[in-house]
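Trainee:
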Amino acid sequence: MTAVRYRDRVIEPIIVPFFGAIGKRFIFIDDNARPHRARIVNERIEHHGITRMEWRPCSPDINYIEHVWAEMSRRLNQLQQSPDTLQELANALQGIWEAIPQDFINNLIMSLPN
17 MTAVRYRDRV IEPIIVPFFG AIGKRFIFID DNARPHRARI VNERIEHHGI
67 TRMEWRPCSP DINYIEHVWA EMSRRLNQLQ QSPDTLQELA NALQGIWEAI
117 PQDFINNLIM SLPN
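According to the working numbering, the sequence shown holds residues 17 to 130 in order.
#1: R68 by DSSP, collapsed to three states: which one?
#2: Work out the CA separation of R25 and P33 for me, nearest whole Å.
#3: Between which two residues does the alpha helix (DSSP H) containing D12 stretch?
#4: Just mark A49 as buried or exposed, buried being the case when its beta carbon has 16 or more other beta carbons within 10 Å.
#5: Give me the Cα-Cα distance between G111 and Y22, rounded to the nearest whole angstrom.
#6: Given a threshold of 16 other Cβ atoms within 10 Å of its Cβ, counted over all protein chains shown, does V20 qualify as buried or as exposed?
#7: Where DSSP assigns a beta bridge to I43, which residues make up the other side?
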């Protein structure tokens, strides 16, 4: 994927509205892939005032956020009622994020190679 496609197909139509629904609590995480960190992408993220978490470069050995996303997805799929609106989805994901035990995160961190 090129930086232009990433900006036009991910940042603008997905990330920006999601940021608008969640507000200033939203922290954007990517994997530092070259298209994700291109100037045109950075400019759009900064233009919208989106906070970006600094993250280690993409590596299967240390990219443990994918385990967190998988856990969040599993919990989202187990909800009694699926979110119908973007705001309901944002609220559900915020609640799921807050409910993930710190021990789960700590175990992921401890699993990193030295």
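Where a beta carbon is used, it is the ideal one built from N, C-alpha and C, also for glycine.
Mentor: Result, derived from the coordinates:
#1: If DSSP states are grouped into helix, strand and coil, R68 belongs with the strands.
#2: 12 Å
#3: Coverage of the chain is limited to positions 17 through 130, which leaves residue 12 absent and any answer about it impossible.
#4: exposed
#5: 28 Å
#6: exposed
#7: T67
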